[in-house]
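A quick write-up on the structure given underneath.
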Amino acid sequence: MGQPYRTESVINLCGLHHQTSVVKSARSCLSPIRMPGSLPAVCEAAWPKDVGIIAMEVYFPSQYVEQAELEEFDGVGAGKYTVGLGQARMGFCSDREDIGSLCLTVVQRLMERSGLSYESVGRLEVGTETIIDKSKSTKTVLMQLFEESGNTDVEGVDTTNACYGGTAALFNAVNWVESSSWDGRYALVVAGDIAVYATGSARPTGGAGAVAMLVGPNAPLAFERGLRGTHMQHAYDFYKPDMVSEYPVVDGKLSIQCYLSALDRCYSVYRNKIHAQWQREGLDKRCSLEDFGFMVFHSPYCKLVQKSLARLMLNDFLCHHSPDTQSGPFSGLEAFRDVKIEDTYFDRDVEKAFMKASSEAFESKTKASLLISNQNGNMYTPSVYGCLASVLAQHTPQQLAGQRIGVFSYGSGFAATLYSIKVTQDATPGSALDKLVSSLCDLQARLDSRKKVSPDVFAQNMKLREETHHLANYIPQGSVEELFPGTWYLTRVDEKHRRQYVRRSMNDDRPLEAGLITSCITAEHIPSPLKKMPRIPAATAGPEGLVISNGDH
11 MGQPYRTESV INLCGLHHQT SVVKSARSCL SPIRMPGSLP AVCEAAWPKD
61 VGIIAMEVYF PSQYVEQAEL EEFDGVGAGK YTVGLGQARM GFCSDREDIG
111 SLCLTVVQRL MERSGLSYES VGRLEVGTET IIDKSKSTKT VLMQLFEESG
161 NTDVEGVDTT NACYGGTAAL FNAVNWVESS SWDGRYALVV AGDIAVYATG
211 SARPTGGAGA VAMLVGPNAP LAFERGLRGT HMQHAYDFYK PDMVSEYPVV
261 DGKLSIQCYL SALDRCYSVY RNKIHAQWQR EGLDKRCSLE DFGFMVFHSP
311 YCKLVQKSLA RLMLNDFLCH HSPDTQSGPF SGLEAFRDVK IEDTYFDRDV
361 EKAFMKASSE AFESKTKASL LISNQNGNMY TPSVYGCLAS VLAQHTPQQL
411 AGQRIGVFSY GSGFAATLYS IKVTQDATPG SALDKLVSSL CDLQARLDSR
461 KKVSPDVFAQ NMKLREETHH LANYIPQGSV EELFPGTWYL TRVDEKHRRQ
511 YVRRSMNDDR PLEAGLITSC ITAEHIPSPL KKMPRIPAAT AGPEGLVISN
561 GDH
């Protein structure tokens, strides 16, 4: 069954625009012997337009612990986690969930809700630092979802560098669509992790979750070409050298310094690139925070994000030729005119002054992005994309239309990029933007539907994970009934460390039997060959569960 979707994919590539000449060229691509990658010259010349994120799905665990209760349980001062870190709740996984189950859940949920056929995906890449096998990629585990479709022509594997892996995977997907390798199908990017720490001051900065993103042309969230500011450097700020433990080694102070210094460097590079672009367009202006409608950051904890936005204002202030310190956002900041940026990472006076000065910008540009971070904690690779989803979930298409969204991604070790996304102007009902926003509007309700557990139960779960991590011939002990309907979970790890998963039913409390493969979509979507791609239909009704077995590999 490979040939039909291959032919369709070529048609989609040629049908990106509506001009008559391209339509005629599309008809010339209908030959059944023509394969993707073997396109006529006119098709190869068509540069995909507005490549970016078309659809998103977010998954987080069904249980959480209150940070205020955790403060009391840990015997620390009231407000240390809730005020000092800015965290309200922390989601966590029992031993029933691992990186494979998280990613299976979020991918299948995205495909079901968007009504997509697995045949329409030509690239799938996973960004994660939750490593359960030093050879086999999580992406290959996800290929089980593609088995019924018969689609095995799917590029991509896993990408790893702390919390930056999801961004690297996303860049690879965008680059693939914009390259000569693209065959007209969608790319699917998955960022997922389980963030856990040993008992101590870092434990409340944990969390877990996954985000799946569909990438293609004519996207409502388009990547701005040439506008990426990247900084890479060697440091041991956070790393995981112990192969038999989930816990990282963390140098907290160094990690904050690396994060902030990377933000400074990336912002500087980004501003230089956009300034050069504007000059080519005949515009004589400098980039500042005012040029972003929203700004989202990788969020280890919410307070660092607020400090990071203040940091961007500090950069704007120091780079301004003659800032107005009598009125406006820089009012009263003249005392800091001569500070050196590299001396301010832990300067409390600078931090306090610029957090106050940027408070209005934080409220309008960044605060909404912290919904999932505040309520679920740090998800590592999906963190910044959970922040992006939070912005989309709390604004209307009309409020988002035409906005530039700045995105800062950071991964320890360390790797960082600041880039920008331009939101489409089309906010009409039924538009791609309208569908994307509508698909995320249930985020708050889903967060509210989770079960709160006591800090003692949370600690017991952490101890169980610690004691059973990487055990062979193991059957998980966690409750299946506490999982959200439709969640994939681990049933056993056999004597050869092979993992088996089952999906909980969507409509009752009984898990469906492993080994059965059934379709969850009654009507699969096939993109139109002569209309701009992609078109995402509303999810269709159908059987509420799909179950496959991980099987033996």
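Counting in my numbering, the final residue of the sequence shown is number 563, and the numbers go up one at a time with none missing. Each residue gets a CB set at the ideal place from its N, CA and C atoms; glycine is no exception. Small disclaimer: the values here were computed from a predicted structure and weren't measured.
As assigned by DSSP and simplified to three states, the class of residue i
| i | result |
| --- | --- |
| Thr115 | helix |
| Thr478 | helix |
| His330 | coil |
| Gly202 | strand |
| Gly217 | strand |
| Ile142 | coil |
| Ser278 | helix |
| Lys462 | strand |
| Glu491 | coil |
| Asp353 | helix |
| Asn325 | helix |
| Val225 | strand |
| Thr335 | coil |
| Tyr420 | strand |
| Asp247 | coil |
| Ser38 | Per-residue confidence for Ser38 stands at a pLDDT of 34, beneath the threshold of 50, marking its modelled position as unreliable; no derived number is given. |
Residue i versus residue j: straight-line alpha-carbon distance, rounded
| i | j | result |
| --- | --- | --- |
| Gly101 | Ala218 | 6 Å |
| Phe424 | Asn517 | 44 Å |
| Arg238 | Pro333 | 26 Å |
| Ser191 | Leu322 | 37 Å |
| Thr209 | His479 | 16 Å |
| Ile415 | Gly85 | 40 Å |
| Gly338 | Met365 | 15 Å |
| Val61 | Leu80 | 43 Å |
| Asn185 | Thr115 | 26 Å |
| Ser459 | Leu453 | 10 Å |
| Leu319 | Leu198 | 30 Å |
| Phe356 | Pro392 | 27 Å |
| Gly176 | Asp168 | 9 Å |
| Ala426 | Gly226 | 23 Å |
| Lys317 | Arg358 | 11 Å |
Extent of the continuous alpha helix (DSSP H) to which residue i belongs
| i | result |
| --- | --- |
| Gly175 | 175-187 |
| Leu380 | Segment: none, Leu380 is in no alpha helix (DSSP H) and carries neither H nor E. |
| Leu443 | 442-449 |
| Met100 | Where Met100 is concerned, there is no enclosing alpha helix (DSSP H), although the beta strand (DSSP E) it sits in stretches over 99-101. |
| Phe364 | 358-367 |
| Tyr395 | 393-403 |
| Val93 | Note, Val93: premise wrong, no alpha helix (DSSP H); not H, not E. |
| Val151 | 148-152 |
Neighbourhood of residue i by C-beta, 8 Å cutoff - its chain only, sequence neighbours within 5 removed
| i | result |
| --- | --- |
| Lys461 | Ser72, Gln73, Tyr74, Glu492 |
| Ala378 | Phe304, Ser400, Val401, Gln404, His405 |
| Ala205 | Thr215, Gly216, Gly217, Ala218, Gly387, Asn388, Met389, Tyr390 |
| Thr92 | Gln77, Ala78, Glu81, Ala98 |
| Gly94 | Lys313 |
| Ile351 | Asp274, Leu324, Asn325, Leu328 |
Close-in-space but distant-in-sequence residues of the same chain around residue i (CB under 6 Å, 5 per side omitted)
| i | result |
| --- | --- |
| Met11 | Per-residue confidence for Met11 stands at a pLDDT of 38, beneath the threshold of 50, marking its modelled position as unreliable; the derived number appears in the next sentence. If we look at Met11 and ignore the five residues flanking it on each side, its Cβ neighbours are Gly160. |
| Lys250 | Pro258 |
| Thr354 | Val360 |
| Ile141 | none |
| Ser430 | Glu234, Leu237, Arg414, Gly416 |
| Ala3 | Outside the modelled stretch of the chain, which goes from 11 to 563, sits residue 3, for which no answer is possible. |
| Trp498 | Ser111, Leu114, Thr115, Tyr511, Arg513 |
Residues near residue i by beta carbon distance below 7 Å, same chain, minus five either side
| i | result |
| --- | --- |
| Pro343 | In the sequence under discussion, the amino acid at residue 343 is Leu, which differs from the Pro named in the question. Excluding positions up to five away in sequence, the list reads Phe327, Thr335, Ala363, Ala367. |
| Gly396 | Val68, Gly219, Val221, Ile382, Ser383, Met389 |
| Asn471 | Phe102, Ser104 |
| Ser369 | none |
| Leu474 | Asp105, Gln487 |
Boundaries (first-last residue) of the beta strand (DSSP E) holding residue i
| i | result |
| --- | --- |
| Phe304 | 304-307 |
| Leu231 | 231-242 |
| Tyr511 | 509-513 |
| Gln77 | Careful: Gln77 lies outside any beta strand (DSSP E), inside the alpha helix (DSSP H) at 77-84. |
| Lys432 | 425-433 |
Residue i classed as buried or exposed, judged by whether at least 16 other C-beta atoms fall within 10 angstroms
| i | result |
| --- | --- |
| Leu293 | exposed |
| Lys432 | buried |
| Glu122 | buried |
| Pro439 | exposed |
| His244 | exposed |
| Ile284 | buried |
| Glu158 | exposed |
| Ile64 | buried |
| Ser489 | exposed |
| His308 | buried |
| Gly565 | Beyond the ends of the chain as shown, which are 11 and 563, falls residue 565; an answer cannot be given. |
Residue i beta carbon near the ligand ADP (any heavy atom closer than 7 Å)
| i | result |
| --- | --- |
| Tyr511 | Only the bare structure without any ligand can be found here, which leaves the ligand ADP out of the picture. |
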